[in-house]
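With UniProt numbering applied, the sequence shown corresponds to residues 1 to 160, in that order. Notes follow once the structure below has been shown.
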Amino acid sequence: MTTSDDAPTTEQLEREGDAAADFIEGLLDIADLDGDLELDVRQGRAYVSVESDDESLRPLADPNVVQALQEITRLAVQRETGEFSRLILDVAGSRDARRSQLSGLVDQAIARLDEGASQASLPAMSSYERKIVHDIVAERGYVSESYGERADRHAVVRKA
1 MTTSDDAPTT EQLEREGDAA ADFIEGLLDI ADLDGDLELD VRQGRAYVSV
51 ESDDESLRPL ADPNVVQALQ EITRLAVQRE TGEFSRLILD VAGSRDARRS
101 QLSGLVDQAI ARLDEGASQA SLPAMSSYER KIVHDIVAER GYVSESYGER
151 ADRHAVVRKA
């Protein structure tokens with residue numbers, strides 16, 4: 001078992017991915033949907049991707065649905081492994097699509113800064129999405145911080 005200070009090992013993350021894949025396969029069977037699962041370990045997290053050659057997964061690729069499925073899957077993994085899970089679930093490329101949307105939000109925030117604003121707040125989002133925003137902001141040469149509590153937590157962008 002890991003403590004809150006210990007990073008999970010690759011073996012533990014692979015076990016998380018396997019448990020998540022089993023759970024997701026069960027959900028897909030119940031919903032009578034076809035999907036190919038790919039498991040990976042990225043940046044200290046288990047990453048599970050569900051893809052399909054047709055449009056059958058499209059309703060599941062909505063960001064809110066993906067977030068809900070991810071949370072349910074994390075709970076199933078925790079039940080299976082006895083460990084808190086920070087796994088990332090991607091359905092039909094939803095994470096890449098969301099990254100593009102977040103990139104657009106960052107561009108809008110930077111435009112407000114270029115117009116003279118001292119800072120630009122983004123809407124509330126998950127910790128994973130805020131991490132992506134912070135990465136995009138840094139890539140563009142700006143700085144960002146998170147403010148707020150729980151569901152209201154959001155990123156604020158400033159000039160470096």
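For each residue, glycine too, the CB sits at the ideal point set by N, CA and C.
> Taking Cβ to Cβ, would you say Leu-13 is nearer than 8 Å to Arg-45?
Replying inline: yes
> With distances taken between CB atoms, is the gap from Gly-148 to Ala-109 smaller than 8 Å?
Replying inline: No, they are not a contact pair.
>> Between which two residues does the alpha helix (DSSP H) holding Thr-33 run?
In response: Thr is not the amino acid found at residue 33; the sequence shown has Leu there. Looking at the DSSP string, Leu-33 is not in any alpha helix (DSSP H), and its letter there is neither H nor E.
> Contact check, Leu-33 vs Ser-49 under 8 Å by CB: the rounded distance?
Replying inline: Leu-33 to Ser-49, Cβ: 15 Å. No contact.
> Between which two residues does the beta strand (DSSP E) harbouring Val-145 extend?
Replying inline: The question names Val, yet the displayed sequence has Glu at residue 145. Looking at the DSSP string, the run of the beta strand (DSSP E) that includes Glu-145 is 142 to 147.
>> Using 8 Å as the threshold, is the C-beta distance between Tyr-47 and Ile-72 below it?
In response: no
> So Leu-89 is in the beta strand (DSSP E); what residue range does that whole segment cover?
Replying inline: 88 to 91
> Within this structure, are the beta carbons of Ala-31 and Ala-76 separated by less than 8 Å?
Replying inline: no
>> My assumption, with CB atoms under 8 Å, is that Glu-145 sits in contact with Leu-102. Please give the rounded CB distance.
In response: Going by Cβ atoms, the distance from Glu-145 to Leu-102 rounds to 16 Å, so no, they are not a contact pair.
> If Ala-92 and Arg-58 are in contact, beta carbons under 8 Å, what's the gap, nearest whole angstrom?
Replying inline: The beta-carbon separation of Ala-92 and Arg-58, rounded to 6 Å, stays under the 8 Å limit for a contact.
> Which residue from Val-106, Leu-122, Leu-37, Arg-86 puts its Cα closest to that of Gln-43?
Replying inline: Arg-86
> Within this structure, are the beta carbons of Gln-119 and Arg-153 separated by less than 8 Å?
Replying inline: no
> With C-beta atoms as the reference, is Ala-151 less than 8 Å away from Leu-122?
Replying inline: no
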